[in-house]
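Presented below is the structure to which this report refers.
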Amino acid sequence: MNILVLNCGSSSLKYSIHELRSGKQNASGSVERIGEDIAHCANHRAAVRQVSETILGDGQDIDAIGHRIVHGGEIYSESVLITPQVEANIEQLGRLAPLHNPAHIQGIRAARDCFPGLPHVAVFDTAFHQTLPEHVSRYAIPTALYEEHGIRRYGFHGTSHRYVSERAAEILEVESITGVTCHLGNGCSAAAIQDGKSVDTTMGFTPLAGIPMGTRSGDVDPAVVLYLQNEADLSPSDVDRVLNRESGLTGVSGVSNDLREVEEAEGRGDEGARLAINVFAYQTAKAIAGLLGTLSNANGIAFTGGIGENASGVRQRIVNYLQGVDVVLDPTANGRTVGREGKISAPESGLEVLVVQTREDEVIARDTFHVVQRDAGSSYASAE
Ligand code: ADP
C-alpha cells in the first residue's frame, strides 16, 4: 500500500510517499514559499496540483493520503478518516491556528480533486497531548475564557513526541517510558511523559509558548505584549511579527534562526551569538527540570529534531545547566551521536539520555494505513 503524506505548512508544502509493507520511503519533496511574490505557486491548491503531477508523471500509484493537521482542538485525541464533518471541524479550528488550518483545508480539497476516490486521513499535532490532566491544561485565567474561547494549553509536535517516547521505550527495553522528550528543531517543545502518555508540555494555546525557538520567543511575561502595544506603539500584527518571526535565536543573536550559523558566529567570538545559545540552552534545561520534577520514577530524557539530533555542543550545554538533576553525559558518546540514534549518558548518570531521530512522516503514514484498514468502506466518497 502506497501512502502519500502531505504537510501543508503556512508557506510550504512537503510531501513523501511510503510503501507500508516494505516500510520504505519511495520519494519526497517540497514546494517552498507558497504565496510569495517570487513563488511558482500562488496557493496550496496550486502546490498540491504540482506535486500530484510529479507523482502521477512518475507512474506512482497512491492508495491513501495522510494529512498533517496542526490543530485538532479538544475534538481529536487520535487520527481519523476525513469526512465532511471532520473537514468542517478542521476549518472551524482555524480560529485557533490561523496560519495552519486554512492551509490544511486547501491541501485536503486540492488532494481530493487530484486523487479522486481515495481515503484521506487527518493526523493531528495536538492529539497526543489530549491526555493532559485538566489542572495542567488550564490557564489560571477566568473560566469563562476557556468555556467561550477554548483558551487552554493544547500542546503541539505531538506526532514527534509520541514517536520518540515509543522509540525510547524500545531502546531502553521497557514497556513504556517515563521521562522528558525534547523536540528541538526550528520549533521547539518538551513534553513530560508518564508511562507513555503526555502529561504536560511546554507549548500552550499556540506553538509560540515555552522554549525559545529559531524565530519564536517562547515564554515571555504576558505584560510584555501589553507594554509593546500601549507604550511602544506596536500594532497587534507588529507584536505578532516580533514574537513569531524576529525573536528566539534570531532575535537575541542578530545573526540567524539557523543554529549552525549562530554556532559559527559564536566561534568567531560573536557575543550576541554566545548569549543566544545560552538563553536557548538555559530555558530548555529549566523546562526539562520542571517537567521531570512532576514525574514519578523517570527513566530518562530523549532529544530529537534538527538541533536535538545534531547539535552535541548544545545538548552538553543544556545538561550543564541541569545542576540539580542526576544526569551526566558521556562526552565521547555525545560527540559521536550526530545525525543518528544512540545513548549519550554516562554509566554513573541517574537518568538515561538518548538521541532519537524523529520520523513524523512515517508515523503519519502508519496512522493513515491503520485508520484506512479499520474504517475501510467509509471513505470520504461513501460518507458524502
Ligand atoms: P523543522 O522544525 O523545520 O523540521 P529541523 O528539525 O530540521 O527543523 O531543525 C532545524 C534546526 O536544526 C536549525 O536550527 C538547524 O541549524 C539545526 N541543525 C540541523 N543540523 C545541524 C547540525 N549538524 N548542527 C547543529 N544544528 C543543526
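Last residue of the sequence shown? That's 492 in the numbering used here, and every number before it is there in order.
Ideal Cβ positions, reconstructed from N, Cα and C, are used throughout, including at glycine.
These numbers were taken from a predicted model, which means no experiment stands behind them.
- For the options THR267, HIS228, PRO439 and ALA154, the alpha carbon positioned closest to that of ASP469 is the one of THR267.
- The beta carbon of ASP366 sits closer than 7 Å to at least one heavy atom of the ligand ADP.
- Between the C-alpha atoms of THR239 and LYS305 there is a straight-line separation of about 7 Å.
- With a 10 Å radius around the Cβ and a threshold of 16 neighbouring Cβ atoms, ALA300 comes out buried.
- Inclusion of THR358 and GLY413 in the CB contact set at 8 Å is not warranted, their separation being larger than that value.
- Apart from the 5 residues on each side of it in sequence, LEU400 sits with its Cβ closer than 7 Å to the Cβ of VAL288, ALA406 and VAL433 in its chain, given in chain order.
- Under DSSP, ASN110 forms a beta bridge with GLU127.
- Secondary structure in the segment 265-325: the alpha helix (DSSP H) runs of 4 residues or longer, each lying completely within the stretch, are 266-280 in chain order.
- The alpha carbon of SER245 has as its nearest neighbour, out of PRO227, GLU281, ALA205 and GLY312, the alpha carbon of GLY312.
- The DSSP-derived three-state label of GLN391 is helix.
- In terms of side-chain proximity, the C-beta atom of ILE426 is found no nearer than 7 Å to any non-hydrogen atom of the ligand ADP.
- DSSP places LEU403 outside both helix and strand once states are collapsed to three, so it counts as coil.
- Secondary structure of HIS212 (DSSP, three-state): helix.
- Assignment of THR412 by DSSP, reduced to helix, strand and coil, places it in the strand class.
- According to DSSP, residue pairing for PHE223 in a beta bridge does not occur.
- Contact between the segment 275-282 and the segment 380-393 is absent, with fewer than three C-beta pairs closer than 8 Å.
- For ILE259, the secondary structure class from DSSP, reduced to helix, strand or coil, is coil.
- Under the three-state reduction of DSSP output, VAL435 falls in the coil class, being neither helix nor strand.
- A residue is called buried once 16 or more other Cβ atoms fall within 10 Å of its Cβ, and ALA317 is buried on that count.
- Under the three-state reduction of DSSP output, GLY362 falls in the coil class, being neither helix nor strand.
- Distances from the CA of PRO241 to each of ARG324, TYR262, ALA395 and GLY165 were compared; the closest alpha carbon is that of TYR262.
- The closest heavy atom of the ligand ADP lies less than 7 Å from the beta carbon of ASN294.
- In this structure the segment 173-186 lies against the segment 471-482, because at least three pairs of beta carbons, one per stretch, are closer than 8 Å.
- Contact between VAL446 and GLY408 does not hold, since the beta-carbon distance rounds to 19 Å and is not under 8 Å.
- DSSP places ILE472 in the uninterrupted alpha helix (DSSP H) bounded by 468-483.
- Looking at VAL333, ILE170, VAL422 and GLN133, the one whose alpha-carbon comes closest to that of GLY225 is ILE170.
- Setting aside the 5 residues that flank it on each side, ASP327 is surrounded in the same chain by ALA317 and GLY318, each with a C-beta closer than 7 Å to its C-beta; the list follows chain order.
- Here THR440 is exposed, its C-beta having fewer than 16 other C-beta atoms within 10 Å.
- A direct Cα-Cα distance of roughly 18 Å separates GLU182 from PRO192.
- Here THR392 is buried. Its C-beta has 16 or more other C-beta atoms within 10 Å.
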